[in-house]
Amino acid sequence: MKTFKYLVNGLEVEAKYDEEDIDKVYKPLLNHWYDLYKQKQCRIVIFIAGCPGSGKSTFVSFLEYLFNQMDFDCKLQTVGMDGFHYYNEELDKMNLRKEKGSPRTFNVEKLKQKIIQTKKEDCYWPYYSRKLHDPIENQIFVHSEIIIIEGNYLLLKDEPWNQLERLCDESLFYNVNVEELQDRLILRKMKGHLSKEEAIDFYNASDKKNVETVINRSKKADIVLNIAKNRVY
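Residues in the sequence shown are numbered from 480 upward in steps of one, following my numbering.
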């Protein structure tokens, strides 16, 4: 395993990736997307979907870091869909605050219009603040030739999410087994100062449902990466 340090959501993280996976999977994947960009001769949009807790944000940030270390004549940039949460004030009016993070708590039409705009021109994307627990508008300037959008529900079959897939040039599903997801999500809540019992209760009441939605209701992606203990298998 090789250790990398880079920024994820504005915070420095230390992530480990196997060198064989980098050489045989990740670099060829990035070369493939570069070739797709060259073929289309315009900005391309890649969707990376996966369950909550799968490590998508860390993974896509690594891809951005790796791509921009390679010898390409264009740039790759990653953005997430979390900035398209409804504001807490809106969720309260819809009586959905306790459900925050589920598909119903995102403004899908707003996300759709932003993706359409992104395909046409440089623009600003919203950012989800973990301090405010609300989106902040116009925080991320999207300007690169290859754009990766990551999020749990980008490939859902259900309305209105199913209107999004046609907007991407290629899709990838980052697949982590359910047992590993459960452990990660419970640990994440414990780091947020919940007891183990409280974290398990939260997983069963909320996260588990969202995981099941992604697994059972997502369309088949163009590419599937099966991950176990941070290795591709």
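For each residue, glycine too, the CB sits at the ideal point set by N, CA and C. Treat the numbers as computed from the prediction; the structure is a model and nothing was measured.
_Top-ranked residue by Cα proximity to K593, from W604, T584 and F585_ = W604
*Return the Cβ separation of K495 and N709 in integer angstroms, given the expectation that the two are a contact with Cβ distance under 8 Å.*
Between N709 and K495 the Cβ distance is about 6 Å, and since that is below 8 Å, they are a contact.
_How far does the beta strand (DSSP E) with Q618 in it extend, from its first residue to its last?_
That run of the beta strand (DSSP E) goes D613 to V621.
*Going by the CB atoms, is the gap between F541 and S650 shorter than 9 Å?*
no
*Kindly give me the distance between the Cβ atoms of G580 and N689, rounded to whole angstroms, as I take these residues to be in contact under 8 Å.*
6 Å
*Just checking, does the stretch 664 to 675 make contact with the stretch 636 to 653 on the three C-beta pairs under 8 Å criterion?*
no
*Using a threshold of 8 Å, is the CB atom of L555 nearer than that to any non-hydrogen atom of the ligand GDP?*
With respect to the ligand GDP, the structure shown offers nothing to examine, as it has no ligands at all.
*asked:* Buried or exposed for E543, going by 16 or more other Cβ atoms inside 10 Å?
replied: buried
_Under 8 Å, with one C-beta from each stretch per pair, do the stretch 629 to 645 and the stretch 528 to 540 reach the 3-pair mark?_
yes
_Under 9 Å between C-beta atoms of V621 and Q518_ = no
*Thinking C-beta only, is Y513 closer than 9 Å to I679?*
no
*Do you know how far the Cα of N567 is from the Cα of V703?*
34 Å
*Could you tell me how far apart the beta carbons of T584 and Y565 are, in whole angstroms, since I believe they sit closer than 8 Å?*
6 Å
*Contact the stretch 498 to 516 vs the stretch 669 to 678: 3+ CB pairs below 8 Å*: no
*For R576, I'd like the list of residues in its chain whose CB is within less than 7 Å of its CB, leaving aside the five on either flank, ordered along the chain.*
N567 and L570
*Please name the residue in E691, D686, E659 and E676 whose C-alpha comes closest to that of A707.*
E659
*So what's R609 in DSSP terms, helix, strand or just coil?*
Three-state DSSP puts R609 in coil, outside helix and strand.
*Would you list, in sequence order, the uninterrupted beta strand (DSSP E) runs of no fewer than 3 residues that lie entirely inside the stretch 536 to 621?*
555 to 559, 602 to 608 and 613 to 621
*Helix, strand or coil at S533 [DSSP, three-state]*: Assignment of S533 by DSSP, reduced to helix, strand and coil, places it in the coil class.
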